[in-house]
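The opening residue of the sequence shown carries number 29 in my numbering; numbering runs sequentially from there.
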Amino acid sequence: MQRIMLKSKIHRATVTHCELHYEGSCAIDEDLLEAANIAENEQIDIWNINNGERFTTYAIRGERGSGIISLNGSAARRAQLGDLVIIAAFALVEDAEVRAGRVKPDLVFVDASNRIKGTRDHVPTQAFETI
């Protein structure tokens with residue numbers, strides 16, 4: 029059996045451009061692509077924190093060190109400048125690898141300028157709190 033597992037995530041990135049007539053679907057600063065282990069032309073999911081939109085597209089290289097997160101083509105209709113998004117990529121992994129604990133995602137956390145402020149290889153266990 030194989031499982032689809034989280035491979036990469038850029039958490040709470042700020043949309044810097046929405047280019048309706050530009051070729052390519054999501055330009056991402058090359059520093060962020062490398063840190064998150066996302067390849068050019070790799071399928072990505074984008075989840076817009078501001079409006080709840082969720083869509084699938086692909087990554088293209090953005091200028092290194094620019095902080096660019098540009099939604100292009102039809103993806104430009106799914107966000108506005110300044111929206112916060114989560115960008116994720118997944119991989120098909122053998123169940124034995126998952127059970128052995130050998131699957132670790134590359135999680136990248138950014139500041140308001142899309143500069144890397146930290147990385148991690150796991151999502152912490154969510155605690156139960158009563159309201």
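Note that the Cβ used here is the ideal one computed from N, Cα and C, for glycine as well.
Go through its chain and collect everything with a Cβ distance to Ile38's Cβ below 6 Å, but skip five positions before and after it. Leu60, Ala64, Ile115, Val136
Environment of Ser98 [buried if 16+ CB atoms lie within 10 Å]: Counting other Cβ atoms within 10 Å of its Cβ, Ser98 reaches 16 or more and is therefore classed as buried.
Could you tell me whether the Cβ atoms of Glu70 and Tyr86 are closer together than 8 Å? yes
Give every residue of the same chain whose Cβ lies closer than 8 Å to the Cβ of Asp123, excluding the five residues on either side of it in the sequence, and list them in chain order. Met29, Gln30, Arg31
Taking Asp149 as the reference, give the member of Arg130, Glu157, Phe156, Asn142 with the closest Cα. Checking every option, the nearest Cα to that of Asp149 belongs to Arg130.
Would you kindly work out how many angstroms separate the C-alpha atoms of Asn142 and Val126, rounded to a whole number? 31 Å
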